[in-house]
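Structure first, then comments.
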Amino acid sequence: MSNKLQVLTPQNSQIIFIDQQPQMAFGVQSIDRQVLKNNVVGLAKAAKIFNIPTTITTVETDSFSGNTFPELLAVVPGNDILERTSMNSWDDQNVRDALAKHAVDGRKKVVVAGLWTEVCNTTFALSCMNDTDYEIYMVADASGGTSVDAHKYAMDRMVQAGVVPVTWQQVLLEWQRDWARKETYDAVTSLVKEHSGAYGMGIDYAVTHVHGGSERVSHGKRIGPNPAK
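Residue numbers (our numbering): 1 to 229.
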């Protein structure tokens, strides 16, 4: 039974990356593309930390879309890549089978990050929800559309249909849930330092200047000040 009041956990989630490919990214205008890639890779690393089953699917790789972002593939180098001709990933049986394999184990909350929001994400989400009892969690800042409006109205349409909008860092912290979970604590804070901008900077500052810890990188001597004469 679908239950959107139940938070995301490492046991009830799986994730799919849809068409995170350069030609698709070229058309993205709703988010800075470097920020987009940072968020996508951060989300993939989060999934790896919590052992979330990960599906990667691509469209027309050789003809026009190009290869999946290498930074994404480097996170999960052993993953198969499910190639399609259809814009709607749900139209491909390999994608359906990959998701069903993990849904059988209770992973019916499907976290989605894809390009473009208004085409590949929307058609997948609506079709998947129409045919199954899966819940879709659309990662808004790890997805992108061809304009701000295209992304916004696609997200609005999906939300009206029951899709849950989330951000990549929200997903990460929902999986962690409690800082007392020490088995993932170090990996999560390391990921935040690398991919979470000001939040990560704040953790570095707190470690060194509040708690008196060491800097996380070694460097040369700090020389000065030496006012000019």
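All C-beta atoms, glycine included, are put in the ideal place defined by N, C-alpha and C. Owing to the predicted nature of the structure, the values given are computational and were not obtained by experimental measurement.
- Taking all protein chains shown into account, Arg107 has 16 or more neighbouring C-beta atoms within 10 Å of its C-beta and is therefore buried.
- Rounded to the nearest angstrom, the gap between the Cα atoms of Val75 and Val41 is 8 Å.
- Boundaries of the alpha helix (DSSP H) around Tyr185: Lys182 to His195.
- Note: Phe17 is bridge-paired with Ile56 and Ala113 in the DSSP secondary-structure output.
- When the five nearest sequence neighbours on each side are left out, the beta carbons in the same chain lying within less than 6 Å of the beta carbon of Val166 are those of Tyr137 and Val139, in order along the chain.
- If you keep only unbroken beta strand (DSSP E) runs of at least 3 residues inside the stretch 107-175, you get 109-114, 135-139 and 164-166.
- Separation of the CB atoms of Ala142 and Asn12 is rounded to 19 Å, and the pair is thereby denied contact status at 8 Å.
- The three-state secondary structure of Ile203, taken from DSSP, is helix.
- In its chain, beyond the 5 residues on either side, Ser196 have a beta carbon closer than 7 Å to the beta carbon of Gln169.
- In the DSSP assignment, Glu83 falls within the unbroken beta strand (DSSP E) covering Ile81 to Arg84.
- The shortest CA-to-CA distance from Lys4 to any of Ile223, Val163 and Pro22 is the one to Val163.
- Per DSSP, the continuous alpha helix (DSSP H) segment holding Pro22 begins and ends at Pro22 to Phe26.
- In the structure shown, Ile31 falls within a coil segment according to DSSP collapsed to helix, strand and coil.
- Fewer than three Cβ pairs drawn from the stretch 24-38 and the stretch 207-216 lie within less than 8 Å of each other, which leaves the two stretches out of contact.
- Ser30 and Ile49 have their C-alpha atoms some 28 Å from each other.
- By the Cβ rule, the stretch 215-224 does not count as touching the stretch 84-101, because fewer than three pairs are nearer than 8 Å.
- A Cβ-Cβ separation of about 14 Å leaves Glu194 out of contact with Gly202 under the 8 Å criterion.
- Here the alpha carbon of Asp131 sits roughly 36 Å from the alpha carbon of Arg181.
- With a cut-off of 8 Å on Cβ pairs, the stretch 182-191 is not in contact with the stretch 56-66, counting fewer than three such pairs.
- Remark: C-beta atoms of Leu115 and Asp19 approach each other more closely than 7 Å.
- Nearest neighbour of Ile15 by Cα position, chosen from Asn121, Phe64 and Ala187, turns out to be Asn121.
- Val148 is classed as exposed because its beta carbon has fewer than 16 other beta carbons within 10 Å across all chains shown.
- With a cutoff of 7 Å on beta-carbon distance, Ala125 and Met158 are scored as near each other.
- Inclusion of Ala154 and Gly144 in the CB contact set at 7 Å is not warranted, their separation being larger than that value.
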